[in-house]
Amino acid sequence: MDLSYSAEYEQFRNQVRQFLKENWRPEDADGGPPPESQAAMMGAVIRTDERATQFRLKAIERGYLYRHVPKQYGGGEQPANALQAQIIADEFRKVKAPHEVMGQGPSMLVPTLVEHGTEEQKQFFVRDTLLGKILWCQGYSEPGSGSDLASLRTRGVLDGDHWVINGQKIWTSNADTAHWMFCLVRTEPDAPKHEGISYILVDMKTPGLDVRPLRQMTGEADFNEVFFDNVRVPASNLVGKRGLGWIVSRSTLKHERALIGGSMIHRRTFDGLMMLAQAVNLRGEPASKNKVIRNRMVEIESKLLALEYNQYRLLTTGARGEDPGLAGMVTKLYGTQLNYDIGRLAMDILADRGLMAPGEGSAPAMGMFVTAYMWSLGVLIAGGTANIQRNVIGERGLGLPRDAATKR
Amino acid sequence: MDFGLSADQLMLKDTIKRFLDKQCPTTRVRAVMESDTGHDPKLWQELVDLGVAGLIVPAAQGGAGLELLDLALAAEELGHACCPGPFLGSALATIALVEGADAAQRERWLPKIAGGEILATIAIGEDDSRWDPATFTTQVRGGKLSGSKPLVPYASSADVMIVAAHDEHGPGFWLVERGAPGIEVNPLKLVDMTRRVESMSFRDTPATALGGSRTALQRTIDAGCILVAADAHGGSRRCLNMAVEYAMQREQFGQKIGAFQAVKHQLANLASEIEPALSLYWYAAHAFDHIKDQSERHAAIVKAHMTDLFDRVTRDTTELHGGIGFTWEFDLHLWFRRAVFDRGFLGEANYHRERAATLAGW
Ligand SMILES: Cc1cc2nc3c(=O)[nH]c(=O)nc-3n(C[C@H](O)[C@H](O)[C@H](O)COP(=O)(O)OP(=O)(O)OC[C@H]3O[C@@H](n4cnc5c(N)ncnc54)[C@H](O)[C@@H]3O)c2cc1C
């Protein structure tokens, strides 16, 4: 075990620092949301203004961002190197320089297109998606098909050189602001469940497409219902082979990205919790002096540290080319629980002040914690529910037999 | 940057594991725990021959000169096997000597400990103050030690014991030899039958101060917390593996019980907590030698976290075995009992969490 970086990596770090010094002035970092704001807390701030874009272009050119994407489509094209990627993430974060644009476009669509898309599709979409100029939404879930995604029924019928799509998607995050949707559509009604699905790109301005906001329990509307009524999409928007959309959709990040930053967001929320515990009085003393609260704080911090060091371990297995096994499989489930633990303790520190709806009351950060507490439920469900994660850990991680009903 | 075990460490761990798999099946564990002394000198000597007693003894004194992480890897495997015997007390006495003894004391004792010629143990906790050195009442006046220690591992088998006490300068360690006058030892029956602990009292017993630093006392407690956490981790893994194996054999309602989601999810939950916790004890052990300003706090955190988890793992995995899990014949309760020891010895979880909060300046 050696937690220092070798000279070679320290040299790489110096290059990154030098690059940042030349291309990112500290004052450029200003204008972001205040650190105690909800947006900053949730890690949801992604600048895509011109200044940020110009900076990203240079960083991509140097191979610091989008390292898994080929240069010709707008990526940094570097061999996978988890330690370098970690150094880049650390150094960029320190000076608050724009890192990669997050969201379903860069993280899910881009790797899919790189692997399965046509040359035209790659040229047209990838670069602008990486720069946050094309925003995407993911049309997978349907009213009858969530966990059992392959049971989806939205139909696509080929009519000349167009697909004609009819059906409905649901829980579609950001469908109201997205420019394009990547979605799964049943195109071979007679094929077995998993073999009749195609992966199709849909321009959100296409006639016949109706987006209706769906309020989530926080009161805001970040997701939507999307209705397809004879939506005509050029046949060339099909990604991969017709009927093989299930396989196409499985294509995710193979390289370093998946390993990085998994616990950063929790560290930030935990720091917020600490600030709250010191700032808020509970029966005549700062909450951080209350024995029970302190005890729970340490309990939560222990879990956070375990997650962070587990991340180090993943970096090392990645760098050594070893299979991380369970250590990589459990992080989402573990993080979900941690998220909830943090939210609940924040609510207990707020005590009856936590009764107040976000925005009500005088403590500045109060609304943030209430919202985060509610969002901990969304995270529990989005991207595969906790129970589905448990199935995956049990079956692929521990080798337990599959449930008869989910065998295909 | 390499947060993983080296080839040597993997080999060490594997060697100990293979030895224990073969030489320390639960039939032997049971035989030792049912014996009078709870100590099988042959098994202990075999472990000594593998180097376990001398891992962190400097090479100059006949040891391997390794670090706490290496010793913790051994502790993990001993926990995995539920291995009975004096490892913990011996390891802590050794750490106390390495950290706090002067050159002559090290020369005199460490080679013999590393070679298994003598057995050493440690006496720390007290009745009222439990594990907080600041409030110990055992006193040393003019080289004579008086007081009582309710939980001393393998006191009657030990040739030399390191005792935590106060003199006019505050808390520190003193060394007492077997057969010194004024010692009284009373055997105790523990929930954990794989480790013997006795209560001791001293009355004007001749004792020599460990010549070195007084921080040795806290350092030794820290190391103990980490070793116990590693033991708990090894035990947790073993119980999980047993339950997974059982879930793949046992059939009810016409299928393997592991196909039932209630069972699968319980196991998945345990795995998802055990797996990241491994990194926590590695880090704490590494910090003990290399990041000293973090090591006391990490030791407290890891002790609380991993022994709590061990308790839960033994509980859930016993449940997953159904009725057989609750029998004397079935082995799971050996680990359940060990978890009871790991949670209480050196201080309970709440105490260490409060310490961690204070150490962070909260
Ligand atoms: C905040 C948020 C954002 C989302 N964003 C998007 C998006 O952008 N695009 C998109 O396509 N979808 C999105 N989703 C949908 C999300 O992927 C689904 O909600 C999720 O996969 C679960 O499907 P479901 O809601 O139909 O629940 P169901 O599948 O009906 O599940 C109901 C319950 O049954 C359990 N269950 C079902 N099957 C099993 C099984 N085999 N074993 C054990 N338990 C089972 C589930 O765990 C759950 O508790 C979003 C959801 C949320 C909450």
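Quick note, the sequences are listed as chains A and B, same order. The first sequence begins at 2 in the numbering used here and counts up one residue at a time. The second sequence begins at 920 in the numbering used here and counts up one residue at a time. Quick reminder that beta carbons are idealized off the backbone N, C-alpha and C, glycines included.
- The Cβ atoms of L1278/B and E1238/B do not sit closer than 8 Å to each other.
- Inside the stretch 1234-1258 of chain B, DSSP marks no whole beta strand (DSSP E) run of 3 or more residues.
- Within 7 Å of the C-beta of S174/A there is at least one heavy atom belonging to ligand 1.
- Contacts with chain A (Cβ-Cβ distance below 8 Å) from the stretch 1122-1156 of chain B involve no residue at all.
- Across the set T188/A, A192/A, T178/A and D223/A, the C-alpha of T178/A shows the shortest separation from the C-alpha of D204/A.
- In its chain, beyond the 5 residues on either side, S1048 have a beta carbon closer than 6 Å to the beta carbon of T1054/B.
- With fewer than three CB-CB distances shorter than 8 Å, the stretch 366-379 of chain A does not count as touching the stretch 1119-1139 of chain B.
- With a threshold of 8 Å between beta carbons, L185/A makes no contact with chain B.
- Rounded to whole angstroms, A60/A and L66/A show a C-alpha spacing of 6 Å.
- In the three-state reduction of the DSSP assignment, H1085/B falls in the strand class.
- Taking 7 Å as the cut-off, the C-beta of S142/A counts as close to a heavy atom of ligand 1.
- Looking at A1178/B, N1160/B and A1166/B, the one whose alpha-carbon comes closest to that of I1193/B is N1160/B.
- In the three-state DSSP reduction, C184/A falls in the strand class (E or B).
- Contact check for P1030/B against G981/B passes: the beta carbons are separated by less than 8 Å.
- Less than 8 Å divides the Cβ of T155/A from the Cβ of I166/A.
- In this structure, DSSP gives L1070/B an extended state, which the three-state scheme calls strand.
- Take the alpha-carbon of M298/A and the one of M348/A: they are about 13 Å apart.
- Residues of chain A with a Cβ closer than 8 Å to the Cβ of F922/B are, in chain order, M2, L4, Y310, Y313, R314, L316 and T317.
- Proximity of the stretch 1002-1011 of chain B to the stretch 1161-1176 of chain B falls short of the contact definition, fewer than three beta-carbon pairs being nearer than 8 Å.
- Contact between the stretch 1180-1191 of chain B and the stretch 1261-1281 of chain B is absent, with fewer than three C-beta pairs closer than 8 Å.
- In this structure, the straight-line span from the alpha carbon of S289/A to that of Q312/A is close to 28 Å.
- Residue side-chain check: D149/A places its Cβ nearer than 7 Å to a non-hydrogen atom of ligand 1.
- Straight through space, the alpha carbons of G241/A and W1254/B are spaced by roughly 53 Å.
- Less than 8 Å divides the Cβ of A53/A from the Cβ of P99/A.
- As DSSP reads the structure, F56/A sits in no beta bridge.
- Check the Cα spacing between L306/A and each of P1005/B, I1145/B and A1196/B: the tightest is with A1196/B.
- For Y1165/B, the uninterrupted alpha helix (DSSP H) run begins and ends at A1135 to Q1168, by DSSP.
- Under the Cβ criterion (8 Å, minimum of three pairs), the stretch 980-999 of chain B does not count as touching the stretch 1061-1077 of chain B.
- Pairing A1148/B with A1203/B gives a Cβ-Cβ distance under 8 Å.
- As for any beta strand (DSSP E) of minimum length 3 sitting wholly inside the stretch 130-157 of chain A, the runs are 137-140, ordered along the chain.
- Classified as buried, N392/A has 16 or more neighbouring CB atoms from the shown chains inside 10 Å of its CB.
- Taken through DSSP and simplified to helix, strand or coil, N167/A comes out as strand.
- Rounded to the nearest angstrom, the Cβ distance from D1111/B to V1259/B is 6 Å, consistent with a contact under 8 Å.
- At the C-beta level, E221/A and R213/A stay beyond 8 Å of one another.
- When distances are taken from the beta-carbon of T130/A to the heavy atoms of ligand 1, even the shortest one reaches 7 Å or more.
- Collapsing the DSSP output to three states places D1123/B in a strand.
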